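Heads up: the structure comes next, in structure tokens.
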Amino acid sequence: MRIALTEGISAFVFGSAVRDRRSARDLDVLFVYDPTRIAPAMIYGVLGPTISQLSELSGLPVHPVVLTIAEEHADAFLNRSRAIPLIGWLAETTDHTLRWPAGLRSNAII
Numbered sequence: 276m277r278i279a280l281t282e283g284i285s286a287f288v289f290g291s292a293v294r295d296r297r298s299a300r301d302l303d304v305l306f307v308y309d310p311t312r313i314a315p316a317m318i319y320g321v322l323g324p325t326i327s328q329l330s331e332l333s334g335l336p337v338h339p340v341v342l343t344i345a346e347e348h349a350d351a352f353l354n355r356s357r358a359i360p361l362i363g364w365l366a367e368t369t370d371h372t373l374r375w376p377a378g379l380r381s382n383a384i385i
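Now the structure itself:
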């Protein structure tokens, strides 16, 4: 299974899945999107399949945080949360607990 993000969306992992993958009970994912490409009223519908895929692959409930680019810049969430790019986290995740398929990559814009 391939995780695909729509153009104009970046994804980052933060929280327990970054600190200690083996004991993570959920997968916190920050989605930052460009509202000139995806209407705010549509973003959760656009992200729904990706969130479902991440939950299926990880076996963990996904807790999404969704911010526009401007909201993230104003809040500095990436810096405060020590979030890392989803694509890098997926590439590094080889823990048998999460059972990621070999070679899984994301086409997230990061």
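The sequence shown begins at 276 in our numbering and counts up by one.
Built from N, CA and C at the ideal position, the CB exists for glycine as well.
Predicted model, so just to flag it, every value in this text is computed and none were measured.
How is Ala-292 classed by DSSP in three states: helix, strand or coil?
The answer is helix: DSSP assigns Ala-292 an H, G or I state.
Can you tell me the Cβ-Cβ gap for Phe-306 and Arg-357, rounded? I've got them flagged as a contact below 8 Å.
At roughly 17 Å, the Cβ-Cβ gap does not stay under 8 Å, so Phe-306 and Arg-357 are not in contact.
Quick check: Leu-353 and Leu-329, are their CB atoms within less than 8 Å of each other?
It is not a contact, given that the beta carbons lie outside the stated cut-off.
If you follow the alpha helix (DSSP H) that Leu-335 is part of, which residue opens it and which one closes it?
Premise fails: Leu-335 is in no alpha helix (DSSP H) and is neither H nor E.
Looking at the structure shown, is Pro-310 part of a helix, part of a strand, or coil, going by DSSP?
Coil, per DSSP.
So, helix, strand or coil for Thr-372, using DSSP?
Note on Thr-372: pLDDT 41, under 50, position unreliable in the model; no value is reported.
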